[in-house]
Amino acid sequence: MSERFRVVPVAAHESAFGDETDGDTVFDAGVGEGERAERRGSVPILQYSREPNKYGDGNPRESSPFIHNTDDYKGTLYDGKNMALFEEEMDSNPMVSSLLSKLANYTNLTQGVREHEEADEDEGAKKKTVKSPQMGTFIGVYLPCLQNILGVILFLRMTWIVGTAGILESFIIVSMCCSCTMLTAISMSAIATNGVVPAGGSYYMISRSLGPEFGGAVGLCFYLGTTFAGAMYILGTIEIFLTYIVPSAAIFKAEEKALEAEAMLNNMRVYGTCCLTLMAVVVFVGVKYVNKLALVFLACVVLSILSIYAGVFKTIFEPPVFPVCLLGNRTLQNHGFDKCMKTDIIDNVTVTTRLWALFCNGPELNASCNEYFSLNNVTEIQGIPGLTSGAISENMWGSYGPAGMMVEKDLPSVPAIASPQDKDMPYVVNDITTFFTLLVGIYFPSVTGIMAGSNRSGDLRDAQRSIPIGTILAIATTTIIYLSCVVLFGACIDGVVLRDKFGDSVKGNLVIGTLSWPSPWVIVIGSFFSCCGAGLQSLTGAPRLLQAIARDGIVPFLEVFGHGKANGEPTWALLLTALICESGILIASLDAVAPILSMFFLMCYLFVNLACALQTLLRTPNWRPRFKFYHWTLSFLGMSLCLALMFISSWYYALVAMLIAGCIYKYIEYRGAEKEWGDGIRGVSLNAARFALIRLEEAPPHTKNWRPQLLVLLNLDTELSVKHPRLLSFTTQLKAGKGLTIVGSVLEGTYLTRDTEAKQAEQNIKSAMSAEKTKGFCHVVVSSNQRDGISHLVQSAGLGGMKHNSVLMAWPGNWRQSNDPQSWKSFIETVRETTAAHLALLVAKNVDSFPHQERLSEGTIDVWWIVHDGGMLMLLPFLLRQHKVWRKCKMRIFTVAQLDDNSIQMKKDLQMFLYHLRLNAEVEVVEMHDSDISAFTYEKTLVMEQRSQMLKQMQLSRTEREREAQLIHDRNTASHAALNDKADAAPERVHMTWTKEKFFTERNRNREHNATMAVRDLFNMKPEWESLNQSNVRCMHTAVKLNEVVVNKSQGAHLVLLNMPGPPRNRGGDENYMEFMEVMMEGLNRVLLVRGGGREVITIYS
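Position one of the sequence shown corresponds to residue 412 (my numbering), numbered consecutively onward.
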């Protein structure tokens, strides 16, 4: 586990080991007495806390004990004059001399199990002097790696693999697997020497190099691999115990030979469960016992290896005597007989042997015997012919076969008709179907364990030197051992004995034990204790790995496994590890468990190589490993080899392992905590983003690729909270187009005085975006006034080709009551600026009534298409209906017919246009006929102009302005209600335009009729109407008549989309423009005003 240090000031007269430390280990930072005196009675020391440190605290800053700890120096100011220029910097940053002093005295305590060992031993003692780690390369890295790599597969399956695959193919298997681990070790050495690697080993390296998603997924796979490795070692222990040490201890015994395999599996399950329980108790009681026995287990491995080599060289002079009995060319199990002969002569009398009784119905010479037994003679050969016997040529090629195939020697024999009784005869047969890829999966666990050195980085004197040298030397040593064993086994042992997995042909001896010197028991006992030790170490390491993942906080449902005993022992993690390990033991077959853990280890090694390759190719500034003998091509070769071995070993296990890792990855991505670890995947994203932005800059997007890239302008209240969060909800619903979203807001003032508030506002907006599930970016600008700030956002938001093409904002609903005209003037200036910038503009009225996340019932989205705006009005409803909130709504399109238009033909043309656009919508053409300008229109225009004039001429107080605005509003409402009753029911006409050509035609026609209409209207005018601006009258007439038609058709719609007319060129009429908009939208609940950006956004072409 990792430790935490902090610098604390302690009074000079107090002892560094006084009672004030509350039992925490404290040591002096190495300052002299004179220096203590100069620091006015305060000495900075490094305090060590045993509280477990979570790597994933979400803080991207470097969490080291000598950086960013300046708070403790506030009272120790620098009094000299030489550095007066840097006094301000020294308040927040340490002096170089102080930094170097702390670096020199920084001590990283031993990590992992030694920490808990000390806690167990010092429960009564409160203080302990901390010693620096002193382990070197040989003790700290080389021997642990050697012990972890050499193990159960070497002792129990290596001879069988050589016999089944042959020397050449076994050589290929070993070379592939060892090359994979050597390339991985090179990549791992580069990562491990690129800074300090705390506890967690490979998980820490992968997660900090590839990010929390990959780190969590691969870390859990590595945890599962380590756990199943524990199950494999326990199964190996029980197999050695029941097969070679005490066969009589079996609880389940088969009556028939066909049931022997099943009985053996049941024995493995029972004894394996007992062994697992015992080991878990040992680990729970205290890992110090495991550590103390580690040297014993290592000695067992080394002595076993030495005894094998000694036995091999002894076969040159004196091969051991292990006779093998053959019937014809079939190998016999040497259990139920003592002599390899059918009959024997005793006192000149021919008698049958015990072997005869196994194949015949009785001991008589004329008894009925098995046909093959009768036709073939019995031969006895030497199982260990010796190094110079020439057996190497016989064992050069493989001998694969199905389960139940007899192990045969290349000798002449008389064939016989196969009979059902053959399976009950004492032949040596294959217990499983054998093929090359299966052997790869079974063998690979024997080369795992290369992470043992990196897991102990805290215990090393110089980790950045020891880890590469020790790991690579250990892999080189074990590779030599494995390759030499392949050749020596094939040269010394007969092929039928090599293919005899359990040594039945050599009286039940361990096959590799028959080769050892001075006795087979050296290997049997050595391998037994070696497997025990490896199992204990797996049960010790796996829970700590799970604890490290849980404490990172990236997988929420694993957080419970981060807790443990008072000394940090991972109790809950140990319990889960034992349960998973039990599932492996219930499989009960070493050959079935080995490929499972091969998958998990290979996946881990694959991502170690990927991490190194990515960091190298991205040329990250922080990528400065001290180990220089690496290259990205080697990492990619290692990664490819890992992937190939996964599918060679077992394609279905590989797919399952990748599925598990993928599910964990997506879970962490969806539910996990946000971490910023400076990982390589983020570097890939940055490079990909840069490349994509440069490519996007080359040309503007085609119409087919157009999608709304929104700049959302938010208003904040006095507490810097979002005023209209539903605007963000609407943004999310529009984002079915998957476009860019930039959420912007403006604070008035200067950045130097309001930087803190700007950051707070940004956090509040991000929180609102998260609550509304809005994916995008946030940008808060501090400007001298609101108008300039919005202008800056409109001009500069976005980057390169990823700039906004649309602006979304809320309609200023209280503009009439506002005592500050800048609010609505700023809105109109924004409309003008978006038009000048060729940006589309979306303005939502009554945005607080827009739906949040609740699905709307069946209804309509009504589009009033007055002016062609490039297709925005068509596209927006389509995008909205992709979201679940609007999915049940139907789209209706209304358009306005002029007096001389053929409305029936217009409807057909519009339906055909929508058909080509692949849009489903109901079409309706609204006919609006000529009508006189009503008295209500004149009255409303008069009230509007009078109010505008009064506000310009009078400097009203805030109270008076509000009263005046309310009075005018009441008069408007009363006039509207009175005049509506007298309205003419005759068909009416309003001058609208649908296309640019019709606009010019209509304008010319209006000029011709203006004089006549003006004369006719003047007879009906009141005296005060004569001074009205006729342009305002016509605009008000348009707004009133359009409002009446829209309210009549669309009052019940869930959303109404309207063309937004542009503001007047003369800024003097801005307030009138706001009034026109209000009249046009009056009586409608949800309205979206749409103003196109001057380009086509929808096309009929594919």
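We put the CB at the ideal spot given by N, CA and C, even for glycine. Just so you know, these numbers come straight off a predicted model, no measurement behind them.
Can you tell me whether DSSP reads K1256 as helix, strand or coil? In this structure, K1256 counts as strand in the three-state DSSP scheme.
With a threshold of 16 other CB atoms inside 10 Å of the CB of R1292, please say whether the residue is buried or exposed. It counts as buried.
By how many angstroms is the C-alpha of A814 removed from the C-alpha of S1000? For S1000 and A814, the distance between alpha carbons rounds to 15 Å.
Runs of alpha helix (DSSP H) wholly within the region 740-821 (minimum 4 residues, chain order): Taken in chain order, the complete alpha helix (DSSP H) segments of 4 residues or longer contained in the region 740-821 are 765-770, 782-786, 802-805.
Beta-carbon gap between E819 and N702 smaller than 9 Å: For the 9 Å CB-CB criterion, E819 and N702 do not form a contact.
Is it a yes or a no for the region 559-577 touching the region 881-895, going by three-plus beta-carbon pairs under 8 Å? The way I'd put it, the region 559-577 does touch the region 881-895; three or more beta-carbon pairs between them come closer than 8 Å.
Chain-order list of residues whose beta-carbon lies under 7 Å from that of C591 (same chain, five-residue window excluded): Closer than 7 Å at Cβ, skipping near neighbours: Y1016, G1049, L1052, C1053, L1056.
With M1302 as the anchor, note down where its beta strand (DSSP E) starts and where it stops. Per DSSP, M1302 belongs to the beta strand (DSSP E) from 1300-1308.
Beta-carbon separation (whole angstroms), L1107 vs A1172, contact threshold 8 Å: L1107 to A1172, Cβ: 30 Å. No contact.
Taking just the CA atoms, how far does L1122 sit from V552? Straight-line Cα distance between these residues: approximately 56 Å.
Comparing alpha-carbon positions, which option in A1024, I1007, K1256, V935 lies nearest L1219? The shortest C-alpha separation from L1219 is found at K1256.
Run through the DSSP bridge pairs and tell me what D833 is partnered with. DSSP lists no partner for D833.
Which residue from N1496, R1476, N605 puts its Cα closest to that of G1463? Measuring from the Cα of G1463, the nearest candidate turns out to be N1496.
Assess contact between the region 929-946 and the region 628-647, defined as three or more Cβ pairs (one per stretch) separated by less than 8 Å. Is contact present? By the Cβ criterion, the region 929-946 is in contact with the region 628-647, since at least three pairs of Cβ atoms, one from each stretch, lie closer than 8 Å.
Can you list, in chain order, the residues of its chain whose CB lies under 7 Å from that of V694, leaving out five sequence neighbours each side? V701, L947, L950, T951, L985, listed in sequence order.
At which residue ranges does the region 924-1002 contain complete alpha helix (DSSP H) runs of 4 or more residues, listed in the order of the chain? Annotation: the region 924-1002 contains the following complete segments of the alpha helix (DSSP H) (minimum length 4 residues), in chain order: 931-963, 982-998.
Taking the alpha-carbon positions, what's the L1136 to L1145 distance? This sequence places Pro at residue 1136; Leu is not what is there. Near 15 Å, if we compare the C-alpha coordinates of L1145 and P1136.
Let me know the secondary structure DSSP gives H1465 once reduced to three states. The answer is coil: DSSP assigns H1465 none of H, G, I, E or B.
Compute the beta-carbon to beta-carbon distance between F1011 and F633, rounded to the nearest angstrom, for a pair I have assumed lies under 8 Å. The Cβ separation is near 6 Å, so the contact holds.
Which listed residue (V1336, L1330, W1297) has its alpha carbon closest to that of N1313: Of V1336, L1330, W1297, the residue nearest in Cα terms is V1336.
Straight-line CA distance for K976 to R680? K976 and R680 have their alpha carbons spaced roughly 30 Å apart.
In or out: S1195 buried (at least 16 other Cβ within 10 Å) or exposed? A residue is called buried when at least 16 other Cβ atoms come within 10 angstroms of its Cβ; S1195 does not meet this threshold and is exposed.
What's the gap between the Cα of A530 and the Cα of V692? Residue confidence for A530 is low, a pLDDT of 47 falling below 50, so the modelled location carries little weight; the figure read from the coordinates is stated next. Using only the alpha carbons, I get a separation of about 18 Å.
Just tell me which of A628, V760, E993, L565 has its CA closest to the CA of L687. Among A628, V760, E993, L565, the Cα nearest to that of L687 is on E993.
Measuring alpha carbon to alpha carbon, tell me which of A672, F663, L1453, L871 ends up nearest A1308. Ranking A672, F663, L1453, L871 by CA distance to the CA of A1308 puts L1453 first.
Do you know how far the Cα of W983 is from the Cα of G697? For G697 and W983, the distance between alpha carbons rounds to 15 Å.
Where does the unbroken alpha helix (DSSP H) through W1235 begin, and where does it stop? W1235 -> alpha helix (DSSP H) spans 1233-1247.
Beta-carbon proximity check, I584 vs L850, cutoff 9 Å: For I584 and L850, yes; Cβs fall inside 9 Å.
With C-beta atoms as the reference, is M675 less than 9 Å away from S865? For the pair M675 and S865, the CB atoms are not nearer than the 9 Å cut-off.
For C1074 and S620, what's the separation of their Cα atoms in angstroms? In a straight line, the C-alpha of C1074 is about 20 Å away from that of S620.
DSSP-derived helix/strand/coil call for F1188: Here F1188 sits in strand by DSSP.
If we count Cβ pairs, one from each stretch, closer than 8 Å, do we get three or more for the region 784-797 versus the region 900-915? Three or more Cβ pairs drawn from the region 784-797 and the region 900-915 lie within less than 8 Å of each other, which places the two stretches in contact.
N1459 in three-state terms, based on DSSP: In this structure, N1459 counts as helix in the three-state DSSP scheme.
Which same chain residues end up closer than 6 Å to N841 when comparing Cβ atoms and leaving out the 5 residues on each side of it in sequence? The residues are G812, A814, M816.
In terms of residue numbering, what span does the beta strand (DSSP E) encompassing L1219 cover? L1219 -> beta strand (DSSP E) spans 1217-1221.
When the Cα atoms are used, what is the spatial distance from S1156 to R1093? Put simply, the backbone Cα of S1156 is about 28 Å away from that of R1093.
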